[in-house]
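Worksheet: one structure, shown below.
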Amino acid sequence: MLLAVDVGNTNVVFALFEDRTIRARWRVATDPRRTADEYAVWLLQLMQIQGFAREAVRQIVISTVVPRALHNLQVLADKYFGLEALVAGQGDAEWGFVADVDEPRSLGADRALNVIAGHARHPGEHLIIIDFGTATTFDWVDRAGTYKGGIIAPGINLSLDALVSAAAKLPRIAISVPRQGESVIGRNTEDQMHIGVFWGYVAMMEGLIARMRAEIGEPAKVIATGGLAVLFDRHTRIFDHVDADLTLDGMALLAERALAAAQNRTTE
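Numbering (our numbering), first residue to last: 7 to 274.
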């Protein structure tokens, strides 16, 4: 089995793959100070509860947008699984696609993995990949699988936190569909906040996608991933596909390539 560890700014996701199928996943808050021993106590107990032996894990791949978290996860792989972890974007786990932008090395690991998985699933098509995370990113992948650039916008939770923090009298609300449905005129403070945050975000996405498509100048398929993709998909027609596991699937593809590269060296 493959253990994929995806470190985001907010959460770390551990996913167990068997033949490219996710068998289990667990989530913990991102904390760069968390030690390998702390990860192990938590992770090994969860694996045992769900009937997975640590010996079944034969490969580990780590992707991180939080560099300080990497070392302790590498120690976890070595100390508790007896494996040298692959690091997404390095060595045998290099991205393997062209990033046609001014600073290719600045591309985040999560976005690079989305490029890999998106192109593998939709070859020969222009793609716009929207990833809802701490930030919301919009990425253009061309027909050849080349990363052509994109957009970084504040995530909806960041936007809401900034609004509440800066305005003392505004209450904290949850991200949800406004109670009055399609109406965009609220009659109380809380409803008005829901409208501004939710429908404002929908309008931002629809506007940016329209501008990206116009600039690309050819048909482009829109793929949405991340936790809020399903929520927004019910209230906009801009997504062609919603794929909650796109980033993790990119990690599995990268691990497969790395294993093949290592086997080829062995047979040469």
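C-beta: ideal position from N, C-alpha, C; glycine also.
- Excluding the 5 residues flanking it on each side, A35 has same chain C-beta neighbours closer than 8 Å at T16, N17 and V18, in chain order.
- In the structure shown, K175 adopts coil according to DSSP, grouped into three states.
- Contact annotation: A75 and A94 have beta-carbon atoms that are not nearer than 7 Å.
- Distance from the Cα of I55 is smallest, within the candidate group R31, S69, V71 and I66, for R31.
- In the DSSP assignment, Q65 falls within the beta strand (DSSP E) that extends over Q65 to T70.
- Unbroken beta strand (DSSP E) runs of no fewer than 3 residues, entirely contained in the segment 193-266, are found at 226-232, following chain order.
- For N120, there is no enclosing beta strand (DSSP E); the residue is part of the alpha helix (DSSP H) that begins and ends at A115 to R127.
- The Cβ-Cβ distance between N120 and D148 does not fall below 7 Å.
- Apart from sequence neighbours up to five positions away, the residues of its chain that approach F87 with a beta-carbon distance below 8 Å are L9, R60, V63 and I66, ordered along the chain.
- Comparing C-alpha distances from D251 to each of R263, F245, A264 and I229 shows the shortest one belongs to I229.
- In the three-state reduction of the DSSP assignment, G97 falls in the helix class.
- Boundaries of the beta strand (DSSP E) around E24: N17 to E24.
- Exposed is the label assigned to T272, since fewer than 16 other Cβ atoms lie within 10 Å of its Cβ.
- Residue environment for S112: exposed (fewer than 16 other C-beta atoms within 10 angstroms of its C-beta).
- Collapsing the DSSP output to three states places V34 in a strand.
- Counting the other CB atoms within 10 Å of its CB gives P177 a total below 16, which places it among the exposed residues.
- In this chain, the beta strand (DSSP E) harbouring V147 covers A141 to V147.
- According to DSSP, V11 shares a beta bridge with F20 and I68.
- The secondary-structure analysis by DSSP pairs F138 across a beta bridge with T142 and G232.
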